Structure formats: C-alpha cells, structure tokens
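Counting from 2, one number per residue, gives the positions in the sequence shown under the numbering used here. Note that CB positions come from ideal geometry on N, CA and C, so glycine has one too. All values reported here derive from a predicted model rather than from experimental measurement. Since the structure comes first, as structure tokens, the remarks are kept for the end.
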Amino acid sequence: MSEWSHRLNRTITIQASREIVFRYFTDNARWSAWWGAGSTIDARPGGQVYIRHPGGVEAVGEVVEVRVPDRIVFTYGFPSGKPMPPGASLVTIHLEADGASTTLHLTHEFKDEAARDEHVQGWRYQLSLFANIVSDEVNGGAAGLVDDWFGAWSEADSRRREDTFARIASPAIRFRDRFSHVDGREDLVAHTGAAQRFMPGISMVREGQIRHCQGTVLADWIWRMANGEERARGTNVFVLGADGRIESVTGLSEIKN
C-alpha cells in the first residue's frame with residue numbers, strides 16, 4: 002500500500018492558457034498574490050515551498066517534480082506540526098489545455114484521513130481565489146474593452162466600427178437586450194449601424210467603474226442623443242473569453258420616454 006493512503010481531488014476550469022496559469026507556480030510575485038504576502042516558491046526539484054496565509058498560518062514543502070507548463074508536484078505540511086508535520090502530504094497539480102482555457106486537476110495525498118478531511122474546504126476556497134487572481138491578470142484591460150464596445154456603438158463609420166468589433170469581440174459574439182437578438186460579428190456591425198442610421202449622433206458612455214469577477218464584467222452606461230439629451234441608462238453584463246475578447250453581452254436598460 003502507498004504511504005499516501007488518503008486523497009482529495011478537485012478540478013476547476015480557468016479562462017486562461019496553461020502558460021499563463023503555470024506562471025503562478027514559478028513566479029514568486031504571482032505565488033504570493035495567490036497565497037499571501039511573503040509566500041515563495043523555488044520551482045525546481047528540491048526547491049523550497051513557503052506559504053504564509055494572511056492570518057499568519059505557515060505551510061512549507063519541497064518541490065518534487067516540475068514539468069512546464071502542465072505539472073508540478075510538492076510536499077506540504079506545517080512547521081507547527083498541526084494538522085500534520087512538514088513532508089506529511091503530497092500535492093500534485095496538473096494543467097490540461099481545454100481550447101483557449103485550462104482545466105486544473107489537483108490531487109492532495111495524505112497519510113491521515115483526518116488531515117485530508119481538514120483540507121477539503123481549504124482547497125475549495127484556495128482554488129477559487131486562484132481562479133480569480135488569474136482572471137484579474139488576464140482581464141486587466143477589461144475597462145478599456147468595455148469603453149471600446151460603447152465607442153463602437155457611437156461610431157457612424159461602418160469600417161471603423163467593424164475594425165473595433167474585430168479587435169474586441171469574438172466572431173460568434175452574442176448580444177441581447179430589449180431591442181436586440183444578435184449572433185455573430187457581422188450581424189452586430191449591421192445592427193449597431195442601424196442604431197446610428199435611425200438615431201444619428203447617438204452616443205453611449207460608461208458611467209463609473211466596472212465590476213469584474215472571473216471573466217464576467219458589469220458596466221453601467223448612459224445613452225445620449227445628438228443634442229446631449231439623456232435617452233436611456235442601464236447596465237451591461239459582459240462575458241469575456243480566455244483570449245480576452247468579448248463572447249457575449251446582455252444589456253439591461255431603462256428607456257426615458
């Protein structure tokens with residue numbers, strides 16, 4: 002029987018490439034952004050792993066295997082000896098490409114069942130934090146993406162509008178609001194052009210800061226007529242893909258009569 006007689010497994014999908022995700026196991030700044038200030042990792046066999054949680058709890062380990070960009074293995078335990086001493090468990094993280102995204106498979110093996118059970122919620126929480134941190138990096142330019150979206154709606158020139166959507170939106174972009182049921186970039190270009198044709202000079206601008214979580218962005222906006230009169234306001238829900246482009250938008254609006 003293996004000395005690691007108890008294990009927990011967890012799998013999550015992250016909207017980023019394996020190369021981007023793996024940086025968080027080899028770069029101290031990213032490692033500490035995940036675990037807590039002062040945490041470090043020396044990503045080579047025999048290298049030391051140090052984790053300092055925000056609450057001050059420390060964990061340590063040693064890297065056993067590194068295979069960029071798909072696998073890292075390290076021991077894991079606590080200097081305090083509770084709930085287990087250093088070297089008393091083994092963590093394996095495997096990254097699997099899933100299109101432009103990455104599926105992360107984690108296996109944590111233990112000698113003791115009680116120690117295993119104590120880590121189930123811990124990994125559920127830590128991998129949730131991890132997905133958020135990676136997403137924040139990948140979508141660091143989300144505010145600019147949103148502004149370009151609203152700018153395209155305000156653009157009367159069809160070629161400029163088409164170029165903007167080609168840069169910021171996926172080919173299969175989906176848009177829904179009270180007046181729109183649009184699928185595909187070509188349809189979107191024509192649809193936004195119709196808005197300019199029937200309401201010349203309309204403009205849409207973002208109002209306030211965006212709110213972002215793991216590829217979903219909320220952005221408030223105001224729609225004004227050519228004379229500056231406010232015609233509507235609302236909130237758009239943007240879903241961003243692993244390539245950083247917009248995959249879908251749902252608009253919630255309040256029209257002023």
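Under the DSSP assignment, W5 falls outside any alpha helix (DSSP H); it carries neither an H nor an E label. For Y126, the enclosing alpha helix (DSSP H) covers residues 121 to 139. Of the candidates R162, M200, H95, F180, R162 places its Cα closest to the Cα of E187. Cβ-Cβ separation between I15 and S102: approximately 6 Å, consistent with a contact (criterion under 8 Å). By the neighbour-count criterion, in which a residue is buried when 16 or more other Cβ atoms sit within 10 angstroms of its Cβ, M205 is buried. Here D221 carries a strand assignment [DSSP, helix/strand/coil].
Residues R207 of the same chain have their beta carbon placed closer than 7 Å to that of D148, with the five preceding and five following residues left out of the count. In the three-state reduction of the DSSP assignment, V22 falls in the helix class, which pools H, G and I. L9 is positioned such that its CB atom lies closer than 8 Å to that of H109.
Minimum Cα-Cα distance from E4 among the listed residues H95, L219, N140, G88 corresponds to G88. Contiguous beta strand (DSSP E) elements confined to the stretch 57 to 124 occur at 59 to 68, 72 to 77, 90 to 99, 102 to 111, taking only those with 3 or more residues.
Rounded to the nearest whole angstrom, the C-alpha separation of F131 and R19 is 14 Å.
Look at the beta carbons and you see the stretch 66 to 85 touching the stretch 29 to 47: at least three pairs across the two are nearer than 8 Å. Cβ contact annotation for L146 (same chain, cutoff 7 Å, sequence separation greater than five): I169, I247, in chain order.
Between A143 and I223 the beta-carbon gap is near 19 Å, outside 8 Å, which marks them as no contact. Each of G202, I203, P201, V218 was checked against the Cα of G209, and the nearest Cα belongs to V218. V65 and V92 have their C-alpha atoms roughly 10 Å apart. Note on geometry: alpha-carbon atoms of Y126 and H120 lie some 10 Å from one another. Put simply, the backbone Cα of V240 is about 27 Å away from that of K257. R53 and W124 have their C-alpha atoms some 15 Å from each other.
Assigned with DSSP and collapsed to three states, G194 falls in helix. Bounds of any beta strand (DSSP E) do not take in G48, whose DSSP letter is neither H nor E.
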